[in-house]
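A.B. asks: If you're matching positions, the sequence shown starts at 2 in the UniProt record's numbering and goes up one per residue.
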Amino acid sequence: TDLAHIRNFSIVAHIDHGKSTLADRLIQSTGTVQDRDMKEQMLDAMDIERERGITIKANTVRIDYKANNGETYVLNLIDTPGHVDFAYEVSRSMRAVEGSLLVVDSTQGVEAQTLANVYQAIDAGHELIPVLNKIDLPASECDRVAEQIEDVIGIDASDAIRVSAKTGVGIAETLEAIVARLPAPTGDANAPLKAMLVDSWYDSYLGVVVLVRIMDGVLKRGDRIRMMQNGSVHGVERIGVFRPQMEKVESLGPGEIGFITASIKQVRDTKVGDTITHDKAPCAKALPGFKPSVPVVFCGLFPVDSSEFEDLRDAIEKLALNDASFSYEMETSAALGFGFRCGFLGLLHLEVIRDRVEREYNIELITTAPSVIYNVFMKDGTMEPLHNPADMPDLTYVDHIEEPRIKATILVPDEYLGDVLKLCQDRRGIQLDLTYVGGRAMVVYDLPLNEVVFDFYDRLKSVTKGYASFDYQMEGYREDHLVKMSILVNDEPVDALSMMVHRDRADMRGRAMVEKLKELIPRHMFKIPIQAAIGGKVIARETLSAMRKDVTAKCYGGDATRKKKLLEKQKAGKKKMRQFGKVDIPQEAFISALKMD
Ligand code: GTP
2 TDLAHIRNFS
12 IVAHIDHGKS
22 TLADRLIQST
32 GTVQDRDMKE
42 QMLDAMDIER
52 ERGITIKANT
62 VRIDYKANNG
72 ETYVLNLIDT
82 PGHVDFAYEV
92 SRSMRAVEGS
102 LLVVDSTQGV
112 EAQTLANVYQ
122 AIDAGHELIP
132 VLNKIDLPAS
142 ECDRVAEQIE
152 DVIGIDASDA
162 IRVSAKTGVG
172 IAETLEAIVA
182 RLPAPTGDAN
192 APLKAMLVDS
202 WYDSYLGVVV
212 LVRIMDGVLK
222 RGDRIRMMQN
232 GSVHGVERIG
242 VFRPQMEKVE
252 SLGPGEIGFI
262 TASIKQVRDT
272 KVGDTITHDK
282 APCAKALPGF
292 KPSVPVVFCG
302 LFPVDSSEFE
312 DLRDAIEKLA
322 LNDASFSYEM
332 ETSAALGFGF
342 RCGFLGLLHL
352 EVIRDRVERE
362 YNIELITTAP
372 SVIYNVFMKD
382 GTMEPLHNPA
392 DMPDLTYVDH
402 IEEPRIKATI
412 LVPDEYLGDV
422 LKLCQDRRGI
432 QLDLTYVGGR
442 AMVVYDLPLN
452 EVVFDFYDRL
462 KSVTKGYASF
472 DYQMEGYRED
482 HLVKMSILVN
492 DEPVDALSMM
502 VHRDRADMRG
512 RAMVEKLKEL
522 IPRHMFKIPI
532 QAAIGGKVIA
542 RETLSAMRKD
552 VTAKCYGGDA
562 TRKKKLLEKQ
572 KAGKKKMRQF
582 GKVDIPQEAF
592 ISALKMD
């Protein structure tokens with residue numbers, strides 16, 4: 002295809018504003034997929050994505066579109082993940098295309114992720130087409146939202162397209178606008194090959210599949226290609242495009258987007274953002290801005306049933322094959338036995354992996370407290386990154402500790418602003434900015450990441466009844482007065498519950514933790530002290546009193562069925578417990594105890 006007849010674009014939107022529905026409609030209305038093959042959310046391939054309604058991996062589709070001017074264009078849509086955890090993948094995908102549809106739900110308006118994503122699009126030099134979606138709904142307020150887009154984002158929204166991705170209104174105009182308003186890609190077919198590695202994943206039939214955008218040169222089947230990051234060389238086996246099913250092509254030229262397979266063993270051997278060139282005639286310079294995505298949140302995953310450790314290993318290895326941003330190493334815990342310490346891009350990423358292990362591999366898990374990476378500076382001048390509070394070195398050797406901070410942007414209706422400020426303040430936040438945009442407050446906070454990883458987002462949702470939107474970026478490290486708090490149950494330390502906290506908040510957190518654990522741990526035949534301690538100093542204590550000998554004693558008389566039920570219930574409860582010394586701690590205690598408030 003000649004460059005003038007190609008348009009490459011992505012869709013940026015806040016979650017639920019209708020990105021996937023719009024993509025489906027564009028695919029369907031151009032006949033790319035026959036109606037009978039159309040299932041909803043064509044682009045969200047994985048079940049879990051469909052269930053949760055979130056898009057995790059970037060996906061792409063090539064659409065042939067006959068425009069009103071009679072000419073046929075190739076439209077390449079790259080779908081981008083909508084969640085903050087995958088911000089790096091978003092920025093990569095953006096650099097592979099020239100323009101974006103900026104989709105805003107006309108019943109809602111601009112949200113935090115609209116902003117985060119639109120800034121990435123602007124950074125990538127995109128032409129933007131504002132699209133006001135959901136105009137079929139009575140609550141739609143196109144004028145207000147268009148004005149808000151102009152105020153907040155500072156782009157002209159007077160020619161925003163009014164769309165209902167549900168009914169199909171405005172879809173024809175959208176396709177015309179893509180051709181008329183977005184620039185064609187540029188590139189030189191005769192120059193050495195320069196292609197961007199946009200994404201990669203593991204396919205059980207094809208092995209590693211790599212999504213590429215050709216900048217210059219031509220890529221053909223049989224070519225020997227080189228990954229510029231690590232110099233590895235591979236022979237190209239298959240080459241094709243997504244319609245959205247895979248379809249073979251002979252070559253890909255400048256401006257085109259497609260996939261290759263090339264005897265690559267693991268997704269790990271491909272780095273998103275890398276430059277692919279020909280081994281024999283390489284391009285002089287790699288594409289700018291390569292930066293690997295690194296895990297920022299760590300936690301331990303242990304099987305509830307320790308005999309399932311090998312199954313867990315298998316599951317984790319398989320998942321890691323397909324997800325280069327997920328890291329793991331074996332971990333042993335005195336209390337939990339064998340498991341894995343895993344690193345994730347963020348909390349959502351953690352949840353997705355945990356759910357997949359539990360559901361696809363049927364392994365029940367104990368998830369330990371998520372932790373961020375602390376930089377521990379030793380008195381001898383060295384620095385140790387700390388991924389697991391259980392590994393905290395002896396304090397006498399520690400000089401100081403730094404923790405990662407984020408810059409969080411929250412958009413919220415005025416009436417909930419007070420609660421949001423209080424929440425951020427409670428989490429040791431420092432307010433950086435407070436402005437009003439289109440009738441809503443936009444607050445920017447500097448927050449410690451460790452105060453955000455447990456349940457900040459849940460709390461934010463609940464105090465604002467779901468009306469707040471939230472986005473963040475990493476801001477680097479800062480020293481603070483951090484200590485390791487240990488939890489002792491029946492005088493035994495439970496390392497899976499130990500955590501790093503700020504000294505000023507340790508007493509409060511310790512108290513909350515032991516109170517919570519007292520509720521969560523069932524009574525035993527003996528009395529159980531539950532303590533929180535810093536070093537050797539106990540800062541909070543509760544005692545769980547002993548249970549009467551016979552659990553069924555309170556079932557007066559001889560009601561046999563009731564007695565049986567109670568015993569069964571007890572048995573079921575047992576299954577999900579782990580023994581710590583002489584004490585059974587239920588699995589949910591590990592997560593619940595860590596949630597604050
Ligand atoms: P993520 O993939 O989670 O980022 O969400 P999304 O932006 O892709 O949103 P999605 O397409 O899943 O749409 C969210 C919800 O809005 C779904 O329930 C859609 O059916 C609904 N929806 C999308 N477009 C329209 C529309 O034009 N009108 C109405 N009434 N509902 C719509």
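In this text, a Cβ means the ideal position worked out from N, Cα and C, and glycines have one as well.
Here the structure is a predicted model, which means the values were calculated and not measured.
Tell me the rounded alpha-carbon separation between K575 and P587.
C.D. replies: Taking the first residue of the sequence shown as position 1, residue 575 is located at position 574. Taking the first residue of the sequence shown as position 1, residue 587 is located at position 586. Its pLDDT being 49, under 50, K575 is placed unreliably by the model, and nothing is read from it.
A.B. asks: Suppose contacts are defined by Cβ-Cβ distances below 9 Å. Is F457 in contact with R429 by that definition?
C.D. replies: Numbered from 1 along the sequence shown, position 456 holds the residue referred to as residue 457. Numbered from 1 along the sequence shown, position 428 holds the residue referred to as residue 429. Cβ atoms of F457 and R429: not closer than 9 Å.
A.B. asks: Here's the rule I'm using: 16 or more other beta-carbon atoms within 10 Å means buried, otherwise exposed. How should L412 be labelled?
C.D. replies: Within the sequence shown, residue 412 is the residue found at index 411, counting from 1. Buried is the call here.
A.B. asks: Given this structure, state the Cα-to-Cα distance separating S141 from K135, to the nearest angstrom.
C.D. replies: Translated into positions along the sequence shown, residue 141 becomes position 140. Translated into positions along the sequence shown, residue 135 becomes position 134. Looking at the two C-alpha atoms, the distance is approximately 7 Å.
A.B. asks: Contact defined as beta carbons within less than 8 Å: I believe A263 pairs with V219. What is the distance between those atoms, to the nearest angstrom?
C.D. replies: Looking up residue 263 in the sequence shown gives position 262. Looking up residue 219 in the sequence shown gives position 218. The pair is not a contact, with the Cβ atoms about 16 Å apart (cut-off 8 Å).
A.B. asks: With which residues is I123 paired in a DSSP beta bridge?
C.D. replies: Taking the sequence shown and counting its residues from 1, the one referred to as residue 123 is at position 122. Answer by DSSP bridge pairing: none, since I123 is not bridged.
A.B. asks: Applying the criterion that 16 or more other CB atoms from any shown protein chain within 10 Å of the CB defines a buried residue, is T175 buried or exposed?
C.D. replies: Numbered from 1 along the sequence shown, position 174 holds the residue referred to as residue 175. Answer is buried; the Cβ neighbour count reaches 16.
A.B. asks: Is it the case that the region 177 to 186 contacts the region 66 to 81, given that we only count it when at least three CB pairs across the two stretches are under 8 Å?
C.D. replies: Cβ pair count under 8 Å is three or more, so yes.
A.B. asks: What do you reckon, are the CB atoms on I226 and V242 nearer than 9 Å?
C.D. replies: Walking along the sequence shown from the start, residue 226 turns up at place 225. Walking along the sequence shown from the start, residue 242 turns up at place 241. Contact flag unset, no.
A.B. asks: Which whole runs of the beta strand (DSSP E) in the region 431 to 503 are 3 residues long or more, in chain order?
C.D. replies: Entirely contained in the region 431 to 503, the beta strand (DSSP E) runs reaching 3 residues are, in chain order, 431 to 438, 441 to 449, 470 to 481, 483 to 490 and 500 to 503.
A.B. asks: Please classify I531 as buried or exposed, where buried requires at least 16 other C-beta atoms within 10 Å of its C-beta.
C.D. replies: Position 530 of the sequence shown holds residue 531. Buried, since its Cβ has 16 or more Cβ neighbours within 10 Å.
A.B. asks: Determine the DSSP secondary structure at D241, reduced to helix, strand or coil.
C.D. replies: Position 240 of the sequence shown, counted from the first residue, corresponds to residue 241. The question names Asp, but residue 241 in the sequence shown is Gly. Reduced to three states, the DSSP call for G241 is strand.
A.B. asks: State yes or no: is the C-beta of V153 within less than 9 Å of the C-beta of L133?
C.D. replies: Indexing the sequence shown from 1 puts residue 153 at position 152. Indexing the sequence shown from 1 puts residue 133 at position 132. Result no, Cβ atoms of V153 and L133 do not sit closer than 9 Å.
A.B. asks: Going by other Cβ atoms of all chains shown within 10 Å of its Cβ, with 16 needed for buried, is Y398 buried or exposed?
C.D. replies: Start at 1 with the first residue of the sequence shown, and residue 398 comes out as number 397. It is exposed - the Cβ of Y398 has fewer than 16 other Cβ atoms within 10 Å.
A.B. asks: Within the 9 Å Cβ cut-off, does L418 reach chain C?
C.D. replies: Although the question refers to chain C, the structure presented lacks it and comprises just one protein chain.
A.B. asks: Given 8 Å as the limit, is there contact between the region 270 to 284 and the region 196 to 207, that is, 3 or more CB pairs closer than that?
C.D. replies: Taking 8 Å as the limit for Cβ pairs, the verdict is that the region 196 to 207 does touch the region 270 to 284.
A.B. asks: Does the distance from the CB of M443 to the CB of L450 come in under 9 Å?
C.D. replies: Your numbering for residue 443 matches position 442 in the sequence shown. Your numbering for residue 450 matches position 449 in the sequence shown. Not closer than 9 Å, so no.
A.B. asks: Helix, strand or coil, according to DSSP, for V305 in the structure here?
C.D. replies: On the sequence shown, residue 305 is found 304 positions in, with the first residue counted as 1. Reduced to three states, the DSSP call for V305 is coil.
A.B. asks: Excluding sequence positions up to five away, which residues of its chain have a Cβ less than 7 Å from the Cβ of L322?
C.D. replies: Here residue 322 refers to the residue found at position 321 when the sequence shown is read from its first residue. Result list for L322: Y203, Q267 and V268, in chain order.
A.B. asks: Let me check understanding here. Comparing Cα to Cα, which of V490, H482 and P405 lies closest to E476?
C.D. replies: Taking the sequence shown and counting its residues from 1, one reaches residue 476 at position 475. When only C-alpha atoms are compared, the closest one is P405.
A.B. asks: Using only CA atoms, which one of F527, K466, N60 and S499 lies nearest to I535?
C.D. replies: Locating residue 535 in the sequence shown gives position 534, where the first residue counts as 1. Ranking F527, K466, N60 and S499 by Cα distance to I535 puts S499 first.
A.B. asks: Confirm, please, whether the CB-CB distance from E403 to Y473 is below 9 Å.
C.D. replies: By 1-based counting over the sequence shown, the position of residue 473 is 472. By 1-based counting over the sequence shown, the position of residue 403 is 402. Cβ distance not < 9 Å, so Y473 and E403 don't count as in contact.
A.B. asks: If we require 4 or more residues per run, which alpha helix (DSSP H) segments fall completely within the region 122 to 180?
C.D. replies: Segments of the alpha helix (DSSP H) lying fully in the region 122 to 180: 143 to 154.
A.B. asks: I'd like the list of long-range same chain contacts for S445, defined as Cβ closer than 6 Å, with 5 residues on each side in sequence excluded.
C.D. replies: For the purposes of this step, residue 445 is taken as the residue at position 444 of the sequence shown. Note that residue 445 corresponds to Val in the displayed sequence, not to Ser. Excluding residues within five positions, the ones whose Cβ falls inside 6 Å are T410, L433 and D434.
A.B. asks: Within its chain, find whatever has a CB closer than 8 Å to the CB of V515; leave out the 5 residues flanking it on each side and keep chain order.
C.D. replies: Translated into the one-based positions of the sequence shown, residue 515 becomes position 514. Within the same chain, V515 has close Cβ partners I488, I531, Q532, A533, A541, R542 and E543.
A.B. asks: Tell me the DSSP secondary structure of M393 in three-state form.
C.D. replies: The residue labelled residue 393 in the question sits at position 392 within the sequence shown. Residue state, collapsed to three classes: coil.
A.B. asks: Got a sec, what are the start and stop residues for the alpha helix (DSSP H) V421 sits in?
C.D. replies: Sequence index remark: in the sequence shown, residue 421 carries index 420 (1-based). L418 to D427 is the extent of the alpha helix (DSSP H) around V421.
A.B. asks: Let me make sure I understand the geometry here. Which of P296, Y437 and D356 has the alpha-carbon closest to that of P386?
C.D. replies: Counting from one through the sequence shown, the residue named residue 386 turns up at place 385. Nearest of P296, Y437 and D356 to P386, Cα basis: P296.
A.B. asks: With a CB to CB cut of under 7 Å and the five nearest residues on each side skipped, what residues in its chain are close to R93?
C.D. replies: As a first step, residue 93 is located in the sequence shown; it is residue number 92 there, counting from the start. Closer than 7 Å at the Cβ level, and outside the excluded window around R93, lie V199, V273 and G274.
A.B. asks: Taking the C-alpha atoms as reference points, what is the distance between I529 and D420?
C.D. replies: Sequence index remark: in the sequence shown, residue 529 carries index 528 (1-based). Sequence index remark: in the sequence shown, residue 420 carries index 419 (1-based). C-alpha separation (whole angstroms): 37 Å.
A.B. asks: Exposed or buried, S372, counting other C-beta atoms within 10 Å across all chains shown (16 or more means buried)?
C.D. replies: Translated into positions along the sequence shown, residue 372 becomes position 371. Flag for S372 reads buried.
A.B. asks: Which word fits T73, buried or exposed, when buried means at least 16 other C-beta atoms lie within 10 angstroms of its C-beta?
C.D. replies: The residue given as residue 73 occupies position 72 in the sequence shown. When all chains shown are included, T73 counts as exposed.
A.B. asks: Counting C-beta neighbours from all protein chains within 10 Å, is the total for L313 16 or more, i.e. buried, or is it exposed?
C.D. replies: Against the sequence shown, residue 313 aligns to sequence position 312. Buried, because 16 or more other Cβ atoms sit within 10 Å of the Cβ of L313.
A.B. asks: Suppose contacts are defined by Cβ-Cβ distances below 9 Å. Is I258 in contact with L212 by that definition?
C.D. replies: Within the sequence shown, the letter at position 257 stands for residue 258. Within the sequence shown, the letter at position 211 stands for residue 212. In contact: I258 and L212 (Cβ atoms closer than 9 Å).
A.B. asks: If you draw a straight line from the C-alpha of K485 to the C-alpha of G511, how long is it?
C.D. replies: Against the sequence shown, residue 485 aligns to sequence position 484. Against the sequence shown, residue 511 aligns to sequence position 510. If you take the alpha carbons of K485 and G511, they lie about 11 Å apart.
A.B. asks: Shortest alpha-carbon distance to F527 belongs to which of K583, A507 and E520?
C.D. replies: For the purposes of this step, residue 527 is taken as the residue at position 526 of the sequence shown. The residue with the shortest Cα to Cα distance from F527 is K583.
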